[in-house]
Amino acid sequence: MATQREEDIKMMLAAQVHIGTRNADSKMADYIWRRRNDGIHIINVGQTWEKLMLAARVIVAVENPEDSFVLSGCGPVTPDPRADVAQLVASSLTAEQAAFVLLCPDTNVAALRWVLLAFVPEGVSVRDRMLYSSSRDSLKKQLGLNYFSGEFHATELSEVTWESFLEARKKQAADAPLSESERLLKEAAMLERDTNVKSSAMGVVPFEITQNVRDKLRLLQDNKFDWIAMKLSEDNESVEVVKSLESVELIDVPDTLDRRSPSFVAYRYRGPVASGATSALIFMYVCPEDSPVRLKMVYSTCKATVLSVANEELSIKFDYTIEINNPSSAAEDIRSVLAPPKTEDELKPREFARPAAPGGRGRGRGRGRGPPGAH
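Here it is, written out as structure tokens:
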């Protein structure tokens, strides 16, 4: 059973968080795993996850300093461990409330060791999902890391069984401590498998695509609108339309975008394209650099869900998908995608052949025209 870290990394891979750009800031050197042949930098999602969790702890502490661990229930040990777990599920867990569970698989030893379960149902709020994800390590450290013999993550009540606790303990015992290089190689293997986990990780984002979004995207498809801007509503946990325009010129895109917070935009560009077409359908993930880390993480994950609904449910095929980090340069970013830079072969100077002589014939060796009338 996957740990919370593995589940989070799967979602990051599904959202293509690891796909960087050709330009790399020196401050990002520690987070770059490798550089592809096309110049795109691949981000180390393992180190990125650790940084995000650190930031999430700070965010949670600032938003609600009173958040703390509270004991909500406990149960006695019986000779039947399966019955104990069944009683735990029936009395202490619900499909609407997240919780941490500590269970001791073996009580017949002097030094008790516990298995930690992070139970986070799909229906809980995004804030609770982040809170439980970021505070798991804090709980273990406060109680003592040496007291834990395993841990796992579950989203369904049916996943909480006696066998799942034993499997978590068995897995931790089998996993020898990894060196830094071994850990990087393991995460590199996960990166290579990103296409395999993309479809399975699509459905974990709890945000719902509202009917209004579906209706407006259909109107975009029917050429009734050229601009549909969408945002996440944390109150309703849904994606909603915030702006729809019949026409937007490319030069006006920077002024039309929200420069303060992330958004998704479906935009029909009308004009010449390098492929010869006269228009292009573009999906923009707009994420200003100074946006809160929490919003960046949620929007990045939800992007795959929005695209999935557009592609699979509404049959909308976007010609280009662009990430905009600086709304002021959005028009230039779009132009660079519509008309990509020429390749090295295209930039090489052409070798011109020597022009032919007048009359369409060149001079042959030893041949020429005599004076008029000569035979």
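Count along the sequence shown from 1, then add 4; that gives the number in the working numbering.
No residue lacks a Cβ here, since even glycine has one placed at the ideal position from N, Cα and C.
In terms of CA proximity to Met-234, Asp-219 leads the group Asp-219, Asn-227 and Asp-84. A residue is called buried once 16 or more other Cβ atoms fall within 10 Å of its Cβ, and Pro-266 is buried on that count. Here Thr-325 is exposed, its C-beta having fewer than 16 other C-beta atoms within 10 Å.
Glu-155 carries a strand assignment under DSSP once its states are collapsed to helix, strand and coil. With respect to the 8 Å criterion, Asp-323 and Ala-278 are not classified as neighbours on the basis of their beta carbons. Between Thr-305 and Ala-19, the gap from beta carbon to beta carbon is short of 8 Å. Here Ile-338 really is in contact with Val-257; their C-beta atoms are around 7 Å apart, less than 8 Å. Ser-76 is bridged by DSSP to nothing; it lacks a bridge partner. For Ala-314, same chain residues with a beta-carbon under 8 Å away, outside a window of 5 residues either side, are Leu-221, Ala-270, Phe-287, Ile-320 and Phe-322 in chain order. Per DSSP, the continuous alpha helix (DSSP H) segment holding Phe-169 begins and ends at 166 to 178.
For the segment 89 to 115, the continuous beta strand (DSSP E) assignments of 3+ residues that do not extend past its boundaries occur at 103 to 107, in sequence order.
The DSSP-derived three-state label of Ile-213 is strand. Bounds of the beta strand (DSSP E) holding Ile-232 are 231 to 237. Under DSSP, Arg-38 forms a beta bridge with Ile-46.
For Leu-223, same chain residues with a beta-carbon under 6 Å away, outside a window of 5 residues either side, are Phe-229 in chain order.
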